[in-house]
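A short write-up of the structure that comes next.
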Amino acid sequence: MYQCSELLRGVEYECIKGSTKVDVSEVVNDSRRVTKDCLFLCIQGANFDGHCAAADVVRAGAKVLVVSQPIELPEDADITLIQVKDTRYAMAFISANYFGNPADDMTIIGVTGTKGKTTTAYFVKYILEHAGYKVGLIGTIEVILGNQTIPASNTTPESLVLQGYFRQMKEAGCQVVVMEASSQGFMLHRTQGFVFDYGIFTNIEPDHIGTNEHACFEDYLACKAMLFRQCKVGIVNCDDRHWKQITQGHTCKLETYGFDENADLRASDLKLMTGAGYLGIDFKVSGLLDMEIKTDIPGKFSAYNALTAIAICRHFGVGSEDIKKALAGAKVKGRIEMVKVSDDFTLMIDYAHNAMALESLLTTLKEYHPNRLVCLFGCGGNRSKLRRYEMGEISGKLADLTIITSDNPRFEEPQDIIEDIKEGIHKTSGKYIEICDRKEAIRYAITHGQKGDIIVLAGKGHEDYQEIKGVKYPMDERVIIDEIVRQDT
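Just so you know, the working numbering puts 464 at position 462 of the sequence shown, and the rest follows in order with no gaps.
Printed below as a string of structure tokens:
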């Protein structure tokens, strides 16, 4: 049992009914999971407001309710009612107290930015583990708690879930946690209740703007900027034109990295490397550290991701050789993930599923001067049609051949989505074919690969399913590739 007053440490509140000296069994924020004598947080979500369920929650046995607006209760309700300004904000502190403030006993690293969060987080994990640290990870792809892996549902989980992960990581012996910190996470106060030891900014471009996300770019930027008032040391990419804006009003110590000659940690002399079925980069690091880095992940943005990880890991006393060895073999599922099928051409899987990401990816790959740049992609159903037009146009302009196929059609017809993509590609002179069945499209790409080609399977990335009519069917592109190669040998 937990005393209510202890759970409320750090929270500004008013007890308007009952007493905070009562004991509660657990903390709950889902009205379907109420248990006897629990503390229930009335959270307003996109589709449901927990305040509306207050009476039902009390009847189900809740002992304490935390609210931010008036509620209707049974006249004979024997409960403690706590009023706060914002229940999401309060939930972060209550959750931290409920799980024993586990973040206080580990080093917490938060990585924010439009692009690069996932790859940077994995790079940090690779480097620190190579140096002997036990590292937990929370991100877009998965949550890694010691030896246990859980598929991710949100980039940054709700505070009650997040603190539970922290507790499990602490119990698993993790010394460090590296996590992706999303703008939604900051906006919804999921990262309150603890302080990041290191806060990292990769870059920012317009994204996540719309219904149930951010009203405008300025709002998106302001949410990202919250990290630098919630961390002890801020590490920022000073090549991004918004870096001074995003660190305005910071309360942390600041360090910079980038290709800029004034950066504290600098990258220079970037070289693109090619080999039999693979692409990579080589660059020099100077300033706070001096070394040469090679990694089998292509493009300048990979250099940024590696440099970001180096800027973080130097604070852990990791030696240059450990950093170099870890980055040399670093791979991230679904992020420019090369799958070796031939010495003649390069095949890769990437999560690029919007116009901005696809343009960045294809522009980077063209710098390697392939014989042909082949782009296979589809678009998700029940999403903006504008994305389909834009991605079709970008692939038509940048790829030598586009293979239009299906992605996650959801409740739309795959062929209807393909027709929308074609509207975009018809604005260009780009060559294309359409193969609705994604497995057959991948087969075509592989069996028609030519010497010197770069073939990218875009959109699915780390996903291992295809969502059709509300059902997620198994579909892992790595498995598909392996099956195709086995059948053809």
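Where is the CB? At the ideal position from N, CA and C, for every residue including glycine.
By how many angstroms is the C-alpha of residue j removed from the C-alpha of residue i?
i	j	result
residue 22	residue 82	7 Å
residue 309	residue 3	46 Å
residue 165	residue 96	10 Å
residue 381	residue 207	21 Å
residue 25	residue 197	28 Å
residue 185	residue 226	5 Å
residue 340	residue 289	31 Å
residue 247	residue 114	15 Å
residue 87	residue 93	11 Å
residue 460	residue 334	15 Å
residue 42	residue 244	40 Å
residue 327	residue 190	38 Å
residue 177	residue 80	43 Å
residue 155	residue 142	8 Å
residue 263	residue 240	10 Å
residue 362	residue 231	30 Å
residue 194	residue 182	14 Å
residue 111	residue 444	38 Å
residue 39	residue 67	10 Å
residue 57	residue 266	57 Å
residue 74	residue 148	44 Å
residue 140	residue 465	16 Å
residue 354	residue 486	23 Å
residue 424	residue 63	56 Å
residue 33	residue 438	42 Å
residue 27	residue 7	13 Å
residue 130	residue 17	45 Å
residue 472	residue 421	22 Å
Taking the beta carbon of residue i as the centre, do at least 16 other beta carbons fall within 10 Å, making it buried, or is it exposed?
i	result
residue 128	buried
residue 169	buried
residue 172	buried
residue 71	exposed
residue 161	buried
residue 440	buried
residue 102	exposed
residue 449	exposed
residue 151	exposed
residue 409	buried
residue 294	exposed
residue 14	exposed
residue 462	buried
residue 76	exposed
residue 433	exposed
residue 253	exposed
residue 85	buried
residue 392	buried
residue 153	exposed
residue 307	buried
residue 379	buried
residue 388	exposed
In this structure, how does DSSP classify residue i when only helix, strand and coil are distinguished?
i	result
residue 5	strand
residue 379	strand
residue 358	helix
residue 259	strand
residue 143	coil
residue 112	strand
residue 266	coil
residue 153	strand
residue 346	coil
residue 276	strand
residue 166	helix
residue 490	coil
residue 45	coil
residue 40	coil
residue 18	strand
residue 96	helix
Below 8 Å on the Cβ atoms is my guess for residue i versus residue j; work out the distance and round it to an integer in Å.
i	j	result
residue 476	residue 370	Their Cβ separation, rounded to whole angstroms, is 33 Å, which puts residue 476 and residue 370 out of contact at 8 Å.
residue 390	residue 426	6 Å
residue 430	residue 395	6 Å
residue 403	residue 376	5 Å
residue 348	residue 281	6 Å
residue 435	residue 372	Going by Cβ atoms, the distance from residue 435 to residue 372 rounds to 18 Å, so no, they are not a contact pair.
residue 458	residue 352	6 Å
residue 192	residue 99	At roughly 16 Å, the Cβ-Cβ gap does not stay under 8 Å, so residue 192 and residue 99 are not in contact.
residue 133	residue 343	Actually they are not in contact, since the Cβ atoms of residue 133 and residue 343 sit about 33 Å apart, beyond 8 Å.
Does any residue of chain D bring its CB to less than 8 Å from the CB of residue i?
i	result
residue 14	No chain D appears in this structure, which consists of one protein chain only.
Taking the runs of the beta strand (DSSP E) that are 3 residues or longer, which of them lie wholly in the segment 384 to 444? Entirely contained in the segment 384 to 444, the beta strand (DSSP E) runs reaching 3 residues are, in chain order, 403 to 406, 434 to 436.
What runs of the alpha helix (DSSP H), each 4 residues or longer, lie entirely inside the segment 172 to 255? 185 to 189, 219 to 227, 245 to 248
Continuous beta strand (DSSP E) assignments of at least 3 residues falling wholly in the segment 281 to 335: 293 to 297
Hey, which unbroken runs of the beta strand (DSSP E) at 3 residues or more fall wholly within the segment 56 to 89? Positions of the beta strand (DSSP E) runs, each at least 3 residues long and wholly inside the segment 56 to 89, are given as 66 to 69, 82 to 85 in order along the chain.
Start-end ranges of the alpha helix (DSSP H) lying completely within the segment 438 to 487, minimum 4 residues: 440 to 449
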